[in-house]
Structures are given as structure tokens and as C-alpha cells.
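So the sequence lines, in the order shown, correspond to chains A and B. Residue numbering for the first sequence is 1 to 622, as defined by my numbering. Residue numbering for the second sequence is 1 to 622, as defined by my numbering. Note that CB positions come from ideal geometry on N, CA and C, so glycine has one too. All values reported here derive from a predicted model rather than from experimental measurement. Heads up, the thing below is written out as C-alpha cells.
2 protein chains.
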Amino acid sequence: MPVKRVYPVPSDIEVAQAAELYPIIEVAKSLGLSEDDLDLYGKWKAKVHLDVLEKLKDRPNAKYVDVTAITPTPLGEGKTVTTIGLSQGLHYLGKKVFTCIRQPSQGPTFGIKGGAAGGGYSQIVPMEDFNLHLTGDIHAVGAANNLLAAAIDARILHEDTLSDERLARALCPNDAFAPWMRKRLEKLGISAEKPSDLTPEQRRRFFRLDIDPYSITLNRVVDVNDRAVRNVIIGLGTREDGRPRQAGFDITVASEVMAILALASNLKDLRERIGRMVIGTDKNRTPITAEDLGVAGAMTVLLKDALMPNLMQTLDGSPAFVHAGPFANIAHGNSSVVADMIGIKLASGGYLVTESGFGADCGMEKFFDIKCRASGLIPNCVVIVASIRALKMHGGGPRVVAGIPLDPAYKEENLELLEKGLCNLEANIKIALRFGIPVVVAINRFNTDTQAEIEMVKKAAVAAGAEAACVSEVWARGGEGGAELAEAVVAACEKPSNFRYLYPLDIPIKDKIETIATQIYGADGVDFEPAARDKLKLYTDLGYDKLPINMAKTHLSLSHDPAWKGVPRNYRLPVRDIRASVGAGFLYPLCGTMRTMPGLPSRPVFMDIDIDLETGKVVGLS
Amino acid sequence: MPVKRVYPVPSDIEVAQAAELYPIIEVAKSLGLSEDDLDLYGKWKAKVHLDVLEKLKDRPNAKYVDVTAITPTPLGEGKTVTTIGLSQGLHYLGKKVFTCIRQPSQGPTFGIKGGAAGGGYSQIVPMEDFNLHLTGDIHAVGAANNLLAAAIDARILHEDTLSDERLARALCPNDAFAPWMRKRLEKLGISAEKPSDLTPEQRRRFFRLDIDPYSITLNRVVDVNDRAVRNVIIGLGTREDGRPRQAGFDITVASEVMAILALASNLKDLRERIGRMVIGTDKNRTPITAEDLGVAGAMTVLLKDALMPNLMQTLDGSPAFVHAGPFANIAHGNSSVVADMIGIKLASGGYLVTESGFGADCGMEKFFDIKCRASGLIPNCVVIVASIRALKMHGGGPRVVAGIPLDPAYKEENLELLEKGLCNLEANIKIALRFGIPVVVAINRFNTDTQAEIEMVKKAAVAAGAEAACVSEVWARGGEGGAELAEAVVAACEKPSNFRYLYPLDIPIKDKIETIATQIYGADGVDFEPAARDKLKLYTDLGYDKLPINMAKTHLSLSHDPAWKGVPRNYRLPVRDIRASVGAGFLYPLCGTMRTMPGLPSRPVFMDIDIDLETGKVVGLS
């Protein structure tokens, strides 16, 4: 420690496997945690108990830094690498630091993208554990979601075959209500001590959920890139095999359960959010919840360990929480609230560095308006990661497509293209500044970038209001390559933060969406399609209008159209429909089609992955 | 330790939560294992590294005891309770003992059955961990299986859209074969150094798997009782969403991957078995394997931690491995080979107690002919668990149905019914004796059983060839209640074991099936239906005829008809079809319809399960 660097930089897994790690118990002890505060998962991972929060509550918070990016190319601009590298840079400067990032889905790990533990000399280790099961949290989310899904279809079947009386007797065999049933009684405005007190009409209303199969919004999930299950018909077979209906599977990280895991601030909050999850409606359009199905308690039991954040380490041995991985398009794309709440205390006197998905218009806006609202934490600094490559694309450079070699325009100096694309950086800086937080720009340097190009970006960044703009070379040089950036972040954190949310919660849903569209995306206004207009009314009637907004929008443009680069202007944002994640606690307007289940490419990366049977080590994971 | 007993016996979870456990590291140290031999998963569970086998290889094996049962009622006769209780009984006598049992599926835990950690004062603890995710092995099995499933449908899609040339370029972008591709080249009899050496015809044969969608036998899996996904149509939507076909989901524990996890003796063996898995055939009926799809390495990587057995403890602190949970109908229904291989060394000088699923005709026969073949271990004693209730049922007692109150015949002394039913016990004893192993009968005592009834069973058991027949009261009295049984097992283990398999592997498939049908099930012969006859020929042609046989038969009768109780005679066993689990290494003839995905009942047990928010403890798990 720190890892011995060699050039050229070996593959990510070779770098990671060559590192000498600290036993995670040592990392924990260096933070003042005892063995009783942890559940070890092998030598290199541990779950931290939530009750440490109570012990740490009087400590001042660490400075809170969020890493975001300009509007990226489809290749990504190195945001995770920079996040981890910034932490390593702070560590290199002798600062106390804690990194909080998301756990990646196994789908992309075996699909197109490969792993997500950072790269080069800026990684979370062991990268195999990070990219594979970790401590099983995503599996737990899948189990909870799929138990709920099975409960829905089983209930439809049983209600279809049982009379009111037999249904009541099946559900309350001893003429007693289960504790969770009291909540449904209350919701229905029925007062009864025991099931036999119900009138026949009350019994029918209480026991018969009468779920409308066409209303069901809860999909089943699997943590694999499996496009073949995006749209399925289930319930085929015989009378005993359920009732046929169209359904679908999402990737696990796109589930509301995952969004809930990331936003819940404690076990009680988790239990309540799960209970509030709306899975669809009855035939009168009344929402049906997980609580109504009697499955919210069991789902919480499945998630109780998953709620504890996972302690790992960066390549230089500084502590990191890897916890929760909600999708950044239909969910909020930020790691967990509990990890930040604990990390910000453990790093007291230092820095908590976290990351939000995609650009400042996407994950960062949700970080502020959704995650910070849930946690109550106040950020001190935003780091915007930019690459010369992406800025050239925004300046009108040729299309960038994963799997196809880059156009020479991206590998040679081209100040003209770059200058035209700077507008995107400026727009992202302005978005961040709107929240009252100082901004530092990190230029993730590629070896084809020229000094003139870098100077141009630096100048533009500062002119647009950034505190500083620094080159980051963390991929090749680890913490040392992040030292300059770290110094700038330290300085920015000393500036006053005048943090404010973009919108208050108590304005109409329509106004909240229009605020985001005009203030963040630069649209002239919003066009609500009929389905979306219906939902504005429905969700207001149902009392969901106090929830924050989680826009489901492409990350490849500031607008809704992935082809519009730079800073799109003179357009109206179309909102096709609006959905509600009542348990997670947000509404998500759909601007375009959101993919919630990726597919495998013609040559998936799983084809390179194997076990070296001599050493027992994983090979080919990237 | 041991747990303080109270009467009446509280609920399973109350007993378990009241117990004071040893930290699992202490249990491991008492076995001579060091911290470096383990991966802790919290304080109460640990995975044991497989390389301890090398260190322990010179130790003599412990005595090897398998617990099986008579033909059970649908309620089960307490086999797991007796298994754990026998271990506690041996511990009570001061013997060294190790228990190896299966990890239960979460499906039944939340469905009808509840947990499977034993019960009363005979349990593996913590029972919440045992019944919930444990260390994530079942999730890993699901992830590996579903990656393979996604790989199949993705390959069908990509082959459908790409020319031979583009397919070849996609799969070998640098004109080089991946290591696993060499195996396919060899299989096809093609010699080539690099893809460009292939003739167009060879290129087509090599790169185009040409999977017949109607031949695919690999189902997707989920660890939930979800009958609605038994039969589904997948691949609906657009051109990009796969190709429509009928498919299905099994519960994870019914998968071949789970059977492989249970039978693999080391990492290399695991890798090879996965590579051999046949997922269907091409359009010329040639088998297509996981290796052909290039996904066997990644699947092994997903399973590398799952292969390590999970160390837990019984209520009296003796060590237990909980590892693998293959279904007992279409798979072999026994815990893992690696757990037994390690446990039998760790318990050297003492006893390894394991359990096989269902009656002696089912799990025990597979234990001997499949599991012991894979492990090379030789059993010393078989314990057959019997209940007076089940014997009365075999004597012609009223139907026993889960969820419906028991007929009084089962709660009052009825020597006549009992005597008529003893034939089933005698038949099961004879089945066990056929393998050359001494038999002890354990009468799992219910509080309605009378002394006269018990004496009658004891006498019949010894007359049928059992070494002894003892009352077991382990549910109510823990190890003390199992002491008499333990003493009988100790005595039986001193007898010579003349262990022999039922059939040699090198006889025709048909002869192996007929041997099991006539020698174990008491059938007069076997009727092979046309599909089964086709498979006899096909599998012989393919060279699968040296595999052992894993009968897929109801466990509710010695015959194929669950309604035929006692000892069915004068019948022929119908074999509808035969399937191959080439990776697991067995053929499974289907005698009737096997359910590989349970459903949720009208009142699933998940409705009782919740978190106590005051204590953070699980309530309602049974």
C-alpha cells in the first residue's frame, strides 16, 4: 500500500489482483469501528450495522462532495474512475476520506460494459467481489420483488376460485386479523375487531383485492441482460397455473425495491416504504399496495441485511461503501442514503465523496432533489467530470458508438470542434450552480488530449463559474494523479454552500416538471400527452402530488432526444406518461422510451471470463 | 449451551432466538480450523475453503450416517428434525459429530411449508439465516442458470440477424479463437489455428450453433413459489426483443446447476460439469452445451464462492454444514459432496450425519448410487425415520392432506391400522439392507402415540432386519431426547458395512432403470412409452449410457402412483420420457408429472412474517 504502479497500465483485474489489501477489519478499526459493529463477509468486505449511527450522531459531518459529469458519450467519460481517484487524491494529501458508490448490476458486467469498480489505478477492490455478488444485496432485492410479483398473481388466481366466505376463512383461519390487516381496514374506513364482525359487503371489500390485471405495473426482475423476457405472457398451462396475462421482466436494479433500498434511512422507513409500494389498482382504479397483499413484512425480512452498507476499500486502502444501485433513468441513480449518513460521520473532519449517475441534468439533479431530501444532508461541492472527447462530440464531432473505432477527430488536436462543444460543459456547470454549490471541473485526461485543448477547457470552465478546473490522471497514476483535483476540491469545500432545492414539494406536479424542464433542460415548456395529463389529475387526487419528481429521460442529451448534442434550445419537452413509485417516494414522468432491461450483444463480455484452475482466480473480468 | 428447555415447547423461532450461540469462529477453531481457512459471513456463518481437504487428507474418515425415512405423508415425518436431533444426541453422548444438510429454497419458506432448519429443540441456528439467503448460494445458482438462459436466446437472435461472416467477426474480432472455442473445434473435428483458416463451410458449422428452439430444455429459474411463470411465452415485442418461443421457469433448486453444485468435488470438476451441460440441440439433434455458448467460464465464476460449504451450528453448538439444495424429485435431493468430503475429515474419530430427501426408495437410493459414486465415500449406517401416523396411513388410514385437520384415527391408539401399515417400514428397511448397510429405525414420537403402538413398530423393525428401533424425542427434548437413538447408531456403525451400489454403470440404460423399478419399487417391470424408448436409443448413441439413473418419481408411494400406499405390488412402472442432466451426470426417467415450480397457497406463510421494529428481529418465521 499504496499499490506499486507499472507502465503500461495492466488490465483492471491484473492491477486489482496485484494490490495488497488491508483486511477489511483493519480498515474498519482505523475508522473507530469495532468487530461488533460489523458483519464480515470474508476478509475483504463487511456490512456495517445501522446502529453505529446512534453512536456517531454527535460528530460533525464530513464535507460532502458529489461527482457528476457533462452530458456523456455512450462510452462514458470516466466518472467512477474520477470519483475513486478523487478519494485516493484526498488520501494522498493526507485527508480523511470516505467513498460511497453504487453496486453495479451483474447484467452489464457480463454484457457489453464489463465491471464498474473504476479502472486502472483508481479502483475499489477486490474488483471481483465488487462486480459479482458482493454481499448479495441485489439478489435480496430480486427475491423481495419477485415474492411480491408471485403474491399478486397467486392472489388473482385464488380470488378467482374462492367465494368471499372461503377467501375470508383462508386468510383469517382463526377469525382474527393479522397486524398488517389493520392498515387495510383503516384505509377502507372499516372498523371491526374480528373478521366475523364484518358485514357481507365489508367482507367482500376487505378480502377481495379485485386486482385489475391490466393495471399491474410491477414487473418481475432478474439481474441478467435478458431481452427475451422484456415482454412475456405468463400464466399459461392449466387452471392451476395462474391466469394468463401479459407481463414483463426488468433488470433488478431498475426495480422500485432497489430505489427504496437506496432511499430508506432506517429499517422502519424501509418497512413503511415497502408497505406503500403500489403494484396496480383494483377494478375501480383504487391503488393496491404491498401492504394490502400482506407481503410487505416478508419483503422487509428479505431486505434487512441488504440495508446495511458494504464496506470495501480503494486501491490505496481508504474506506468505501458500495451500496445500492438504482437505475439512473427510471430511478434516481444514486448510492444509498444510509451509506452516506454513516460515511459522513465516519469521515468527520474529512471528506465524503459520492457519485451520481449520468450528467448533472440527470443523476445530480436527482441527488439534490430526491436523495438529499431523503437524507437531510447538505452537499459542499460538486465535481463535474469532462472529457475532451465528449466536448468535441458536443461541438458537432462524428457519432460515437460503442464497439466501433473512434473517429480520428477525437484523437487529434481539434480546437475548433472543442470550442463549439464547450457550451455543454458551461450548461452543466450552470445547472450545478443553480443549487448553490461550488463547482470544480475534472478533466479526465486521455493520452491523445493536447495541452492546448486542456487549457481551453480550463479557461471556459472557470469563466462559466467553476471554482477551478483540473486535469485528472487517476486512471494511470492513482491518488497521485488526483492530487491536483483533490486540492481544488478541498479549497472549494471551504467556500460557503448556499444549498437550495430546485423546487418546493408543495407546488402542483405540473409546475415541478416544468421547472425541471425549463431550468435544467433548457426547454421552452412541456407538452403533456393525454396519458400524462390523466396522471396529473389522478396522482393529485390520490395525494401523490407532494412527491418529488424523478425524470425518466435520456442521459445522452440535455434534452429528451439523444441525438441533440451541445445545448439544445427552442424545443418543448414531451412527457408521454407519468408513473408513481409511491414506496420509493417519487413520480417519474416518461420523456421517451426508457429501457429497463438491457440485452446481450453478439459478443458478450462473459465470453472472456473464466476461472484459472491453477490459481482459482478470476480471469477476463474488466 | 446447551439451550435451556421450557415446556410447552415455544415456536421454532422463539426457541432459536433464545439460544446462546457460539461465535462460528469458535466452532471452527474447535474443529482445528484457523481463520485463514474460513470466510466469515457475519458472526454465525462461515464458508470453509476447499483447500482444507488437502491438509486433512491423511485423517481417517468419520463414520458416515445417512438419515432417510419410510414413505412419508404429505406432512413429512420429521426427517430433518431427527437428523439434527441425532447429531445432538451423539454430542450429548460426548461423541464428535458433524451434521451435513441441505439449504432450503426460499419458495416453500414463504409458501406452504415454512422453514426447514429442524424444529423445537432440534434446530440449526440462526434459523433466520438458515431459511433466508444464508450466504447467497441459491442466488448464485440462479444467476448462473439465468445467464446461460439469456445467452441461449441472445444467440438465437444474433444468429438470426447476422451473416456467417459478421457472426464470425463478432465472435472473434481479432481473428483469434478464445480458449473455450478450442473445445468446440475439437468436438466438430475441425483443426484450425485461427478463424481465417476455416473454410466457409467450417466457419458456418463452427460459429452457427443453429439451436432448435423446440429442443431447449433449460428453463429460467427464480427462488419463489411462482406458478404463473411455469409456462410462458417469451421474446414478444419488437425485432430487438428476442424471438418468441414457449419457455418456462423452475424454482432455482430444481435446476441442473444446483444438482451440479451438489455433486462437484472441486472447482475443476465444477467447471467441467458446467461446460458439459446440454441445453438442447441444434436442428440436426446434436447436443449444444454451455461450453459451446462460451458461458461456462462465467457461470463457474458466479459459482466459485457458492462451492464452499457453509458452517453453522446446531442448538447445542455442534458443527453443521448447510450446503446445496437440489430437488429430490428431478434431481438427487442430497446435500453437497464437498460438504461431506470435508465434514468426514473434520469429524474424524466421530460421526458425520447427513440426510437424503424423501423415503429410502427416493433420496437414499440416489444418495448411494449417485452421491456416493461422486464422492467415493462409504456409508456405515442408515437411519430410517418412521412415524406412527404415516404407518397408519399405509395401513389404510384416511387421507392425510396438508392444511386439513388430521382424522382421529391418527390421534388415538389403533393397532390394527398400524399393523397393516408396517409393511411400508419393512420394505424401506429391506431397500436399505440391499446396499449392505446396517439399519437403525428412529420412531419420531408424537404425543398421541401410545406405548403399545411404539412397541409394535420396534418389534416389526427388528424382525425386518433393523439393528435396532428407538424412540426419538428430539423435537421436545433436544440431544437428550436423541441419546437412545444415538447409542443405537454408535452400535450399528461398529457392524461391518458391505456397501455395494445397486447397479453397475456399464449396463444398458434400460437395465439400470429396470433394476431400480423391480428391486427398489417392487414393480414387475417397466413400460417405456415411445418418447422414453427414443431416448434409450438417443442417449446410448450420444454416449450418455454410462451415467447413473436419477428416477423422477413421486415420494408419496413406493410406486409411481401417489395414491398407492403400503407396499404396492403387481404393477409395471410406466416411464413417460427420459431426460439427461449431462453436467450433473445423470439421466432422469420421468414416472409421472414432476412439478418443478410450486405455487403459493391461498394463505401463504409470508403473511405471518415481519420485522419487529423495536428489536430488529424476524417474527413469524416457522
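Asked: How many whole angstroms separate the CB atoms of Val52/A and Ile344/A, which I take to be in contact at a CB cut-off of 8 Å?; Found: Incorrect: roughly 12 Å between the Cβ atoms, too far for contact.
Asked: Who are the neighbours of Pro173/B on chain A, taking C-beta pairs under 8 Å?; Found: Arg603
Asked: Would you check if the distance between the CB atom of Pro548/A and the CB atom of Asp369/A is smaller than 7 Å?; Found: yes
Asked: List, from N- to C-terminal side, the alpha helix (DSSP H) runs of 4 residues or more that fit wholly inside the segment 240 to 308 of chain B.; Found: 256 to 263, 267 to 276 and 296 to 303
Asked: Quick one: list the residues of chain A neighbouring Met127/B, beta-carbon separation under 7 Å, in chain order.; Found: Simply none; closest approach about 12 Å.
Asked: The alpha helix (DSSP H) with Lys63/B in it runs from where to where?; Found: Note, Lys63/B: premise wrong, no alpha helix (DSSP H); beta strand (DSSP E) at Lys63 to Ala69.
Asked: With 16 as the cutoff for other CB atoms within 10 Å, does Arg399/A come out buried or exposed?; Found: exposed
Asked: Taking the continuous beta strand (DSSP E) assigned at Met312/B, which residues delimit it?; Found: Asn310 to Thr314
Asked: Return the CA-CA distance between Thr518/B and Arg500/B, expressed in angstroms with no decimal places.; Found: 17 Å
Asked: Applying the criterion that 16 or more other CB atoms from any shown protein chain within 10 Å of the CB defines a buried residue, is Glu453/B buried or exposed?; Found: buried
Asked: Provide the residue span of the alpha helix (DSSP H) that contains Val27/A, from first to last.; Found: Ile24 to Ser30
Asked: Using 10 angstroms around the beta-carbon of Lys495/B, count the other beta-carbons present and answer buried if the total reaches 16, otherwise exposed.; Found: exposed
Asked: Anything in chain B within Cβ reach of Glu240/A, meaning under 8 Å, just list it in chain order.; Found: Arg227 and Gly599
Asked: Given a cut-off of 7 Å, decide if Ala176/A and Lys194/A are closer than it, judged by their beta-carbon atoms.; Found: yes
Asked: Just checking: is the beta-carbon of Glu323/A within a distance shorter than 7 Å of some beta-carbon in chain B?; Found: In the sequence as presented, Glu is not what sits at residue 323/A; that position holds His. No, no contact with chain B.
Asked: Does the separation of the CB atoms of Asp226/A and Gln106/A fall below 7 Å?; Found: no
Asked: Run through chain B and tell me which residues come within less than 7 Å of Gly297/A, C-beta to C-beta.; Found: Ile609, Asp610 and Ile611
Asked: Out of curiosity, what's the CA-to-CA distance linking Arg445/A and Asp610/A?; Found: 32 Å
Asked: Indicate whether at least one CB of chain A lies closer than 7 Å to the CB of Thr593/B.; Found: no
Asked: Assuming the contact rule is C-beta atoms closer than 8 Å, Phe367/A and Asp66/A should be a hit. Round their C-beta distance to whole Å, please.; Found: 5 Å
Asked: Would you check if the distance between the CB atom of Ser375/B and the CB atom of Met364/B is smaller than 7 Å?; Found: no
Asked: Quick one: is Lys45/A buried, meaning 16 or more other Cβ sit within 10 Å of its Cβ, or exposed?; Found: buried
Asked: Could you give the C-beta distance for Ala532/B and Val575/B, rounded to a whole number, given that I count them as a contact under 8 Å?; Found: 5 Å
Asked: Measure from the C-beta of Lys268/B to each C-beta in chain A and report whether the shortest distance is under 7 Å.; Found: yes
Asked: Please go through the segment 134 to 198 of chain A and give each complete alpha helix (DSSP H) segment of 4 or more residues, from N-terminal end onward.; Found: 137 to 161, 164 to 171 and 181 to 188
Asked: Rounding to the nearest angstrom, what Cα-Cα distance links Ser191/A and Gly592/A in this structure?; Found: 45 Å
Asked: For a minimum of 4 consecutive residues, which ranges assigned as the alpha helix (DSSP H) are wholly contained in the segment 468 to 534 of chain A?; Found: 474 to 481, 483 to 494 and 509 to 515
Asked: Is the number of C-beta pairs between the segment 321 to 341 of chain A and the segment 255 to 262 of chain A that are closer than 8 Å three or more?; Found: yes
Asked: Can you say whether Gly481/A is buried or exposed, counting buried as having 16 or more other CB atoms within 10 angstroms of its CB?; Found: buried
Asked: How about the segment 117 to 128 of chain B and the segment 140 to 147 of chain B: do they share at least three Cβ pairs that are nearer than 8 Å?; Found: no
Asked: Could you name the residues of chain B that Val232/A contacts, counting a contact when the two beta carbons are closer than 9 Å?; Found: Val229, Val232, Ile233, Ile234, Gly235, Leu236 and Ala247
Asked: Tell me, to the nearest whole angstrom, how far the beta carbon of Leu209/A is from that of Arg155/A; I am working on the premise that it is less than 8 Å.; Found: 6 Å
Asked: Taking CB distances under 7 Å as the criterion, tell me whether Val301/B reaches chain A.; Found: yes
Asked: Grab the span of the beta strand (DSSP E) containing Arg220/B for me, first residue to last.; Found: Arg220 to Val222
Asked: Going by other Cβ atoms of all chains shown within 10 Å of its Cβ, with 16 needed for buried, is Thr161/B buried or exposed?; Found: exposed
Asked: For Val353/A, list the residues DSSP reports as bridge partners.; Found: Val65/A and Thr99/A
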